[in-house]
Amino acid sequence: MSQRIVIDPVTRIEGHAKITIYLDDVGQVTDARFHVTEFRGFEKFCEGRPLWEMPGITARICGICPVSHLLASAKAGDRILAVTIPPAAVKLRRLMNLAQIIQSHALSFFHLSAPDLLLGMESDPQTRNIFGLMAANPDLARGGIRLRQFGQEIIEQLGGRKIHPAWAVPGGVREPLSEEGRTHIRDRIPEVRTTALNALEQFKQLLQTHEREAQTFGNFPSLFMGLVTPDGLWEHYDGYLRFVDSAGNIVADRLDPARYQEFIGEAVESDSYLKSPYYRPLGYPDQNDHCRLDSGIYRVGPLARLNICTQIGTPLADQELREFRDRGHGTVTSSFFYHYARLIEILGAIEKIEQTIDDPDLLSTHLRADAGINQRSGVGVSEAPRGTLFHHYQVDENGLMQKVNLVIATGQNNLAMNRTVAQIARHFIHGSDIPEGMLNRVEAGIRAFDPCLSCSTHAAGQMPLHVQLVGADGTLLNETWRD
Amino acid sequence: MAVKTLTIDDRLVSAREEETVLDAAREAGIHIPTLCYLEGVSEVGACRLCLVEVAGSSKLQPACVTKVAEGMEIQTNTDRLQNYRRIIVEMLFAEGNHVCSVCVANGNCELQDLAIEMGMDHVRLEYQFPDRQVDLSHDRFGMDHNRCVLCTRCVRVCDELEGVHTWDMAGRGSQSHVITDLNQPWGTSQTCTSCGKCVEACPTGAIFHQGSSVGEMVHDRARIEFIATARQKQQW
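Okay, structure coming up:
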């Protein structure tokens with residue numbers, strides 16, 4: 001008799017989702033699906049709003065990565081105003097995005113995923129959270145929390161607040177960095193750099209003990225996409241899009257992000273509110289055939305960014321990148337390595353902040369280009385912590401929104417996340433008697449992608465887990481709760 | 001000029017006979033909340049936030065249009081008044097589409113200030129979510145009807161201070177809204193002088209400078225008072 005297992009909600013992720021695992025008559029996994037169960041509606045209710053309000057409104061999409069939306073939105077606004085923004089504004093936006101990457105990655109690794117990695121997949125769910133981590137490894141937990149604080153403080157120094165700063169605007173930014181703010185950031189760099197290096201050392205040791213997870217957590221060939229500089233270096237704010245396959249071949253390069261619709265298709269599945277973007281030239285992978293190598297499934301985010309770039313451009317991070325590629329044998333296909341990539345990006349972002357923090361432009365007051373509506377359509381792109389983010393706006397002649405399309409990083413990983421849960425479920429689940437630790441592995445596979453589903457703020461590790469085993473005739477066979 | 005003596009909140013207060021209870025209270029340093037009232041233009045008593053209790057009358061009176069009288073006993077802050085004021089503010093929030101967090105006037109909004117003053121931690125009424133428009137047709141200013149509380153300050157400054165009467169009211173009941181000229185896009189108005197007084201007078205983010213992002217719309221009320229004094233008293 002076939003069965004269906006539902007994990008609802010998935011915990012320690014940003015947002016609300018559930019996973020359904022289908023078992024066949026003999027208890028073997030036939031399929032697994034990742035459903036996003038929340039609907040936000042931003043694209044619809046932004047219609048009719050003035051262009052200038054869009055960064056402030058869309059930043060509210062997420063409490064974790066508001067800066068990503070703020071920047072993508074402001075950049076779409078720049079295009080519609082048809083202006084080149086002051087150089088100081090570009091540097092300040094880049095600084096804030098680096099801070100955003102640090103704080104979000106720190107949250108993902110230390111607060112949400114480290115409990116699985118350091119306390120164990122099968123450890124007591126009551127303590128398998130940031131508080132358990134504080135008790136077991138206070139130095140690591142403190143370092144992680146302070147690392148996130150470092151990123152948040154930079155955002156606050158620039159935008160006036162840690163969450164939802166309405167700081168970037170079409171045409172530039174509102175405020176420069178203060179001299180005090182610059183001193184504060186500079187003083188904290190040595191500490192956070194040490195934290196990042198220590199975390200990397202610990203993670204490399206974990207790779208020995210988590211070999212099975214590294215092999216089975218979404219380890220499959222796919223394309224990878226992200227921004228690179230014109231020279232092919234790691235990029236987070238501007239540049240061109242590049243697609244690389246799992247053998248490291250550049251499939252497409254120097255793509256203009258403004259023309260994303262030519263190479264990214266957005267499919268919709270009936271069982272999820274999350275869209276499923278795919279690389280258009282290779283087509284949408286159908287349900288039964290999505291293992292084929294030449295499908296349009298692609299991954300974005302830290303793993304993708306490290307796979308597509310030639311190097312990061314800072315000494316310590318580049319050294320780590322070389323080791324990362326050695327360990328992953330070139331282009332890294334295991335989604336478990338997202339964690340690793342996240343830590344390397346934190347290190348690179350810290351180094352890049354150090355390289356730019358003394359730039360006098362950061363204190364400039366010439367920050368905003370003034371213009372009216374000069375284009376009726378504009379695409380803004382930035383690398384959010386979770387991957388490439390697109391904001392596409394169409395406005396009327398006065399700047400009122402007529403159409404809004406947002407292509408969110410997590411959506412672009414949707415197909416890969418579905419494949420990941422299916423792969424983990426097939427490997428770890430056999431029969432209807434399922435230990436909690438096995439189900440946690442399925443969730444942990446999702447956590448590796450650090451999906452930002454709502455994207456909303458909520459307590460880490462505090463949501464209950466409800467697992468149901470349902471028979472083919474609809475009867476409830478088994479049920480467990482984790483409070 | 002006759003002087004009247006009255007009590008406000010049990011304090012003996014004297015005022016000139018042409019003054020209102022609101023004037024007398026303010027001169028005595030007694031705070032009465034207002035929304036539609038604007039220094040320098042006529043009073044309309046529309047918002048009802050300045051309602052006070054007058055001894056001997058069961059009816060509440062709006063302080064902005066009630067003249068002082070000898071021996072008058074006024075209470076400005078009873079439980080009953082507080083309840084009325086809070087429900088008025090809640091009705092204003094429920095009637096329009098007020099989203100402070102993403103509003104251009106966030107932090108510089110009299111409606112927001114009133115909500116804080118009244119302790120409005122939530123709205124007990126059902127939100128109406130009306131379908132209202134934003135007019136960005138003017139070169140420099142914008143009008144967001146979602147945020148309009150129909151105080152008519154814009155109508156009065158435009159009529160009484162600038163003297164062009166671009167703004168007026170149209171519709172009835174819940175359909176009431178402010179219009180420019182003959183209910184046409186602001187940018188096509190032939191009377192508007194683009195003086196910006198309505199922008200400074202607006203208590204919320206309904207009328208704003210184009211290009212404003214969240215919290216950037218700061219109203220300069222002193223400018224309105226300066227112009228009013230200059231016009232009426234020929235003092236510059």
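Line order of the protein sequences matches chains A and B. By full-length UniProt numbering, the letter at position 198 of the first sequence is numbered 198, and the numbering carries on one by one without gaps. By full-length UniProt numbering, the letter at position 123 of the second sequence is numbered 123, and the numbering carries on one by one without gaps. Each residue gets a CB set at the ideal place from its N, CA and C atoms; glycine is no exception.
Close to chain A, meaning a Cβ-Cβ distance shorter than 9 Å, are the following residues of the stretch 80–109 of chain B: VAL99, SER101, VAL102, CYS103, VAL104, ASN106. Of all alpha-carbon atoms in A:PHE131, A:SER246, A:ALA88, A:LEU107, the one lying nearest the alpha-carbon of ARG174 of chain A is that of A:ALA88. For LEU136 of chain B, the residues of chain A that pass the 8 Å Cβ criterion are PRO50, ASN398, GLY399, LEU400, in the order they occur in the chain. Put simply, the stretch 69–81 of chain B touches the stretch 44–60 of chain B. At least three CB pairs are less than 8 Å apart. Within the stretch 201–234 of chain A, the beta strand (DSSP E) runs of at least 3 residues that lie entirely inside it are, in chain order, 223–228. Closest option to GLY283 of chain A, judged by alpha-carbon separation, among A:THR216, A:HIS236, A:VAL300, A:SER222: A:SER222.
Contact of ARG174 of chain A with chain B is assigned, a C-beta pair being separated by under 9 Å. Nearest CB-CB separation between ASP370 of chain A and chain B: below the 9 Å threshold. In the DSSP assignment, no residue is bridged to HIS105 of chain A. Here GLN112 of chain B carries a helix assignment [DSSP, helix/strand/coil]. Going by beta carbons, ASN398 of chain A and ILE80 of chain A fall outside the 9 Å limit. The continuous alpha helix (DSSP H) containing MET438 of chain A extends over residues 436–449. Residues ALA88, LYS91, LEU92, LEU95, PRO176, LEU177, ARG182, THR356 of the same chain have their beta carbon placed closer than 8 Å to that of LEU362 of chain A, with the five preceding and five following residues left out of the count. Excluding sequence positions up to five before and after PHE337 of chain A, its CB lies within less than 6 Å of the CB of LEU303, GLY328, all in the same chain and listed in chain order. Contact of GLU53 of chain A with chain B is assigned, a C-beta pair being separated by under 9 Å. In terms of beta-carbon proximity, VAL218 of chain B stays away from the interface with chain A, with every pair separated by 9 Å or more. Inter-residue distance for GLY187 of chain B and CYS202 of chain B is about 18 Å (C-alpha atoms, whole angstroms). The beta carbon of VAL214 of chain B falls within 9 Å of a beta carbon belonging to chain A, placing the residue at that interface.
Comparing C-alpha distances from THR194 of chain A to each of A:ASP139, A:GLY313, A:LEU241 shows the shortest one belongs to A:ASP139. The stretch 34–50 of chain B makes contact with the stretch 98–117 of chain B: 3 or more CB pairs, one atom from each, lie closer than 8 Å. Judged by DSSP secondary structure, PRO277 of chain A falls within the beta strand (DSSP E) whose first and last residues are 276–279.
By the neighbour-count criterion, in which 16 or more other beta carbons inside 10 Å mark a residue as buried, GLY159 of chain A falls on the buried side. Under the Cβ criterion (8 Å, minimum of three pairs), the stretch 409–426 of chain A counts as touching the stretch 207–222 of chain A.
What GLY211 of chain B touches in chain A, judged by beta-carbon distance under 7 Å, is TRP52, going in chain order. When DSSP states are grouped into helix, strand and coil, ALA69 of chain B belongs to the coil group.
Taking a 10 Å sphere around the C-beta of ASN249 of chain A, we find fewer than 16 other C-beta atoms and assign the residue as exposed.
By the CB criterion at 9 Å, GLY143 of chain A and ALA199 of chain A fall inside the cutoff. By DSSP's assignment, MET143 of chain B forms a beta bridge with B:ASP135, B:ILE207. Along the UniProt domain "4Fe-4S ferredoxin-type" (139–170) of chain B, going in chain order, the ones with a CB nearer than 7 Å to a CB of chain A are GLY142.
In terms of beta-carbon proximity, GLY56 of chain A lines the interface with chain B, with at least one pair separated by less than 9 Å. At a Cβ-Cβ threshold of 9 Å, THR314 of chain A and LEU347 of chain A count as neighbours.
Excluding sequence positions up to five before and after THR331 of chain A, its CB lies within less than 6 Å of the CB of SER246, GLY248, ASN307, all in the same chain and listed in chain order.
Using a Cβ distance threshold of 9 Å, MET120 of chain B and GLU90 of chain B count as a contacting pair. Within 10 angstroms of the beta-carbon of LEU182 of chain B lie fewer than 16 other beta-carbons, which makes it exposed. When A:HIS430, A:VAL404, A:GLN205, A:VAL442 are compared, the shortest CA-CA separation from ARG49 of chain A is found for A:VAL404. Not flagged as an interface residue toward chain A: GLY71 of chain B, since no C-beta distance is shorter than 9 Å.
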